[in-house]
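Just so you know, the sequences run in chain order H and F. Per this note's numbering: the first sequence = residues 6 to 366. Per this note's numbering: the second sequence = residues 3 to 406. Every residue gets a Cβ at the ideal spot worked out from N, C-alpha and C, and that includes glycine. In this text the structure is predicted, and so the values were computed from the model without any measurement. Worksheet for the structure shown next.
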Amino acid sequence: MSYEVDEVILSDWPPYAWPKQQKQSVLISKLAELDQLHLSQCPPFAKLKQSMPNIDLNSHPFSPFFPLPVRLFKSQELKSVPQESVIKTMMSSGTSGQSVSKIYLDKRTSALQVKILSKLVTHLIGKQRLPMLVIDCPSTVKNRTKFSARTAGILGFSMYGRDITYALNDDMTINFDALNAFIDKYQGQKKFIFGFTYIVWLHFVEALEQLSKKIDLSESILLHGGGWKKIEANKVTKSHFKSRLANVTAIQSVHNYYGMIEQTGSIFMECKQGHFHCSSWSEVIIRDFKTLQPVKDGNLGLIQLISALPHSYPGHSILSEDIGVKLGEDDCQCGWKGTYFDVLGRVKQAEVRGCSDTYSK
Amino acid sequence: MILIPNNIQAHFTTLVGSASDFHIQPTRVWEEQTISFLNTLSARLRRHPEANTLPDLMALAFWLRKANLLSMKTSPNSNRLSVGLGLTFHICPANVPINFAYSLAFALLAGNSCVLRLSSKSNRSTDIALQTLSQLLLESEYQPIAQRVFLIRYAHNDDVTAFWLSQAAGRVIWGGDHTINKMRQFATPPRSREIAFADRYSLCLLDATYISCCSDDLINTHCHHFYNDIYQLDQAGCSSPQLCVWLGDDSSVIEAKSRLWQRLADIAADKYAIEDIQVLNKFVDTCNAAIDHEDIANIEIASPELTRIEVKSINISQQSFRGTSGLIYETRIKSIAQLAPLINEKVQTLSYLGVEKSTIAEFIYSNGCSGIDRIVPIGNALNMHNLWDGYDIITTLSRIVTID
Chain H
6 MSYEVDEVIL SDWPPYAWPK QQKQSVLISK LAELDQLHLS QCPPFAKLKQ SMPNIDLNSH
66 PFSPFFPLPV RLFKSQELKS VPQESVIKTM MSSGTSGQSV SKIYLDKRTS ALQVKILSKL
126 VTHLIGKQRL PMLVIDCPST VKNRTKFSAR TAGILGFSMY GRDITYALND DMTINFDALN
186 AFIDKYQGQK KFIFGFTYIV WLHFVEALEQ LSKKIDLSES ILLHGGGWKK IEANKVTKSH
246 FKSRLANVTA IQSVHNYYGM IEQTGSIFME CKQGHFHCSS WSEVIIRDFK TLQPVKDGNL
306 GLIQLISALP HSYPGHSILS EDIGVKLGED DCQCGWKGTY FDVLGRVKQA EVRGCSDTYS
366 K
Chain F
3 MILIPNNIQA HFTTLVGSAS DFHIQPTRVW EEQTISFLNT LSARLRRHPE ANTLPDLMAL
63 AFWLRKANLL SMKTSPNSNR LSVGLGLTFH ICPANVPINF AYSLAFALLA GNSCVLRLSS
123 KSNRSTDIAL QTLSQLLLES EYQPIAQRVF LIRYAHNDDV TAFWLSQAAG RVIWGGDHTI
183 NKMRQFATPP RSREIAFADR YSLCLLDATY ISCCSDDLIN THCHHFYNDI YQLDQAGCSS
243 PQLCVWLGDD SSVIEAKSRL WQRLADIAAD KYAIEDIQVL NKFVDTCNAA IDHEDIANIE
303 IASPELTRIE VKSINISQQS FRGTSGLIYE TRIKSIAQLA PLINEKVQTL SYLGVEKSTI
363 AEFIYSNGCS GIDRIVPIGN ALNMHNLWDG YDIITTLSRI VTID
């Protein structure tokens, strides 16, 4: 089939090598193709594009791609393939907790997600499969009835490791037997560690601190993600996280990633300079909180995320509820090309007014 | 006095009043002392250093003035006595927390003792109102009133709710359909009364010819009034307009729209401190409407404060499209009769500008409308009144004794 040729090309894109002009022309032509696909295959998306005005007062290369608010994956059924082609439906509770996002994946999109994630991860940790420590409990993966973003994340990243060891017991305490066995076995070797940010912090770093224990996971690279929201109240900053983690585990190489379940695969990796990077398959546009117009670099705004991967649902251009700042493009000290940016949290919920909803929880 | 079982008392916290001093003795309706108490509360609230910065607190303070209260009083009938029911229990709204004060004022004026369950959500205005009320009730002069006021807060607890509902001769339920249905599952005394504020829908009717003939000054005045109706409660009050219906021919509607919306957007930009999340919520609502609505003519995101969605026709399904923080639907009709398909029992307030009262009255009578409880000039949509949602609140919360 014709698209297979196209995908060989798509997944052969180099992650961070193309300069701005080359990347933009390739990415935008892919996005235009995706936009046409979703317009013809996803009626709600077509209706949205037809009814909504163009929100950009001044056009820019990405203005043809409407920033679809991420919450629409909760209220609408956004699907660009027939139901029988859906092989997996990803669910996420996201912000409000009441309704869930539903992301419909077909074989093609699902395979693309795996391929591109693999390109990004191996770019960071190398192509060789490393011994892998997962900072989570085994039941997260065993209990498939609760297929959450956490399960998906662990399973997804486990493909890049071998001899996968879970550092936590099912009650979320540290499994020292397993942990020490892993450390002894791979002493002096390069190791890959993966976990969700808040779990690494609450159940690993803080737990070790409380027990006054130190372990030696030097020679490891930690990849963590999933957001800081759950530990926001603890006032954990990025540098805080790294220094206290290094203090109890001796892990020196720490990379956060940023991404949304709506754009699984084309995640944004943190570089050595501590910034998130767009790859060839992704872009971010920072939009003013009030006017929704793109802002100048260095200014805060809502993050619009672009991805070349979603073929089975119109998720190629979404407006998140996260606050970000674009720091620059192609000139990060780390050497990777592409837009680099920071994420600073989520838009604050307002005091709600109105006449209804006193008793509902 | 009322005996509150220990297991009930353990589950609520008292904000104002005390269980041991609380008395349930109906008094006469519109009692002089109650009016004077509320009037003093009004003065204290107005004097609060923050009052000027809090429009909802200021609105409450002005509403509590003696002159305003008396304007809602109907003339007494010599063959009738009016006294309170006794104990009233109020479930106050979470999303307009200051409304507890209106609920309390009505029930006191109706001669009742009042237990109010306040929402755990509060805001600055509500905190100030509570604090001022609490201090005033400590003054010796107002002890008889203090004994009739008991304000509590508790997390959702069916036992506590069931207890008060089983005791109350009258209940006032704010919070919409969901809360009303929940409250009706509890046993209540057979002769108890209920005032229930359900989810409602409100709109405004604007005469295009009138507006296109207005001077700029007059447009400005009208727009300030309109601004209050839409923005003061973030358009989330039941009586805040959701839909603007333009009455007139094509050319006058086009002209009227451009004048009114431009001025309103300017006023809102100047006065309304919209938060980031409100802009985002509005954008999300607009996108959902773009997909869900079957009859959109145009969407215009005019400014962060104002989004307009023009629809080609109106019927009852329009009521499910609601905006907040300045998301207005609009449509055009050539004669007022075209409003009829939109009106059912859910419609509460019709605010109007430039339309003759008699025209609207004729419409209400000739179309057999099951809805529309209030018809007010624009600017008055949010004005709380004893006659609300089709109820005479004070009369409902009191008992008529006939004497011949």
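- In the DSSP assignment, Y367 (chain F) falls within the alpha helix (DSSP H) that extends over K359 to S368.
- The CB of E267 (chain H) never comes closer than 8 angstroms to any CB in chain F; the least such distance is about 14 angstroms.
- When CB distances to chain H are screened at a threshold of 9 angstroms, the residues of the region 217-242 of chain F falling below it are L235, D236, Q237, A238, G239, C240, S241 and S242, in chain order.
- For L83 (chain F), the enclosing beta strand (DSSP E) covers residues R82 to G86.
- Here A45 (chain F) carries a helix assignment [DSSP, helix/strand/coil].
- Taking a 10 Å sphere around the C-beta of A383 (chain F), we find 16 or more other C-beta atoms and assign the residue as buried.
- By alpha-carbon distance to K195 (chain H), the top candidate from H:Y345, H:R167 and H:I159 is H:R167.
- Under the DSSP assignment, W166 (chain F) falls in the alpha helix (DSSP H) whose first and last residues are D160 to Q169.
- Exposed is the label assigned to M3 (chain F), since fewer than 16 other Cβ atoms lie within 10 Å of its Cβ.
- Within the region 208-237 of chain H, the runs of beta strand (DSSP E) at least 3 residues long that lie entirely inside it are, in chain order, 225-230.
- A straight-line Cα-Cα distance of about 6 angstroms links E326 (chain H) and V352 (chain H).
- By the beta-carbon neighbour count (other beta carbons within 10 angstroms, threshold 16), C215 (chain F) is exposed.
- About 18 angstroms separates the beta carbon of D111 (chain H) from that of S97 (chain H), a gap too long to meet the 8 angstroms contact definition.
- S217 (chain F) and S80 (chain H) have their C-alpha atoms roughly 44 angstroms apart.
- D176 (chain H) counts as exposed, since fewer than 16 other beta carbons sit within 10 angstroms of its beta carbon.
- Under the DSSP assignment, I92 (chain H) falls in the beta strand (DSSP E) whose first and last residues are V91 to S97.
- Taking C-beta atoms as the reference points, K348 (chain F) and G328 (chain F) fail to come closer than 9 angstroms.
- DSSP assignment within the region 280-366 of chain H yields the following whole beta strand (DSSP E) runs of 3 residues or more, N-terminal first: 287-292, 305-312, 322-334 and 344-351.
- The residue among F:I197, F:L111 and F:S80 with its C-alpha nearest the C-alpha of F39 (chain F) is F:L111.
- T309 (chain F) has F:I303 and F:L329 as its beta-bridge partners, per DSSP.
- Per DSSP, the continuous beta strand (DSSP E) segment holding C116 (chain F) begins and ends at S115 to L120.
- Residue contact check for E277 (chain F) against chain H: a CB pair falls below 9 angstroms.
- For V281 (chain F), the chain H residues whose C-beta falls within less than 7 angstroms of its own C-beta are F294 and K295, listed in chain order.
- When rounded, the separation of the alpha-carbon atoms in S319 (chain F) and I311 (chain F) is 15 angstroms.
- Annotation for R401 (chain F): no alpha helix (DSSP H) segment contains it, though the beta strand (DSSP E) segment containing it runs S400 to T404.
- Fully contained in the region 58-94 of chain H is no beta strand (DSSP E) run of length 3 or more.
- Per DSSP, reduced to three states, the secondary structure at P143 (chain H) is coil, with no helix or strand assignment.
- In the structure shown, the three-state DSSP call for W32 (chain F) is coil.
- In this structure, DSSP gives H295 (chain F) a state outside helix and strand, which the three-state scheme calls coil.
- Identification of residues in the region 304-317 of chain F having a C-beta nearer than 7 angstroms to some C-beta of chain H yields P306, given in sequence order.
- Within the region 320-335 of chain H, contact with chain F at the beta-carbon level (separation under 7 angstroms) is assigned to E326.
- Taking a contact as a CB-CB distance under 8 angstroms, the pair L297 (chain H) and I108 (chain H) does not count as one, their CB atoms being some 24 angstroms apart.
- In this structure, the CA atom of Y165 (chain H) is about 11 angstroms from the CA atom of L129 (chain H).
- R324 (chain F): not part of any alpha helix (DSSP H); DSSP gives it neither H nor E.
- Taking a beta-carbon distance threshold of 9 angstroms, P58 (chain H) counts as an interface residue toward chain F.
- Using beta-carbon distances, F285 (chain F) counts as an interface residue toward chain H, with a partner under 9 angstroms.
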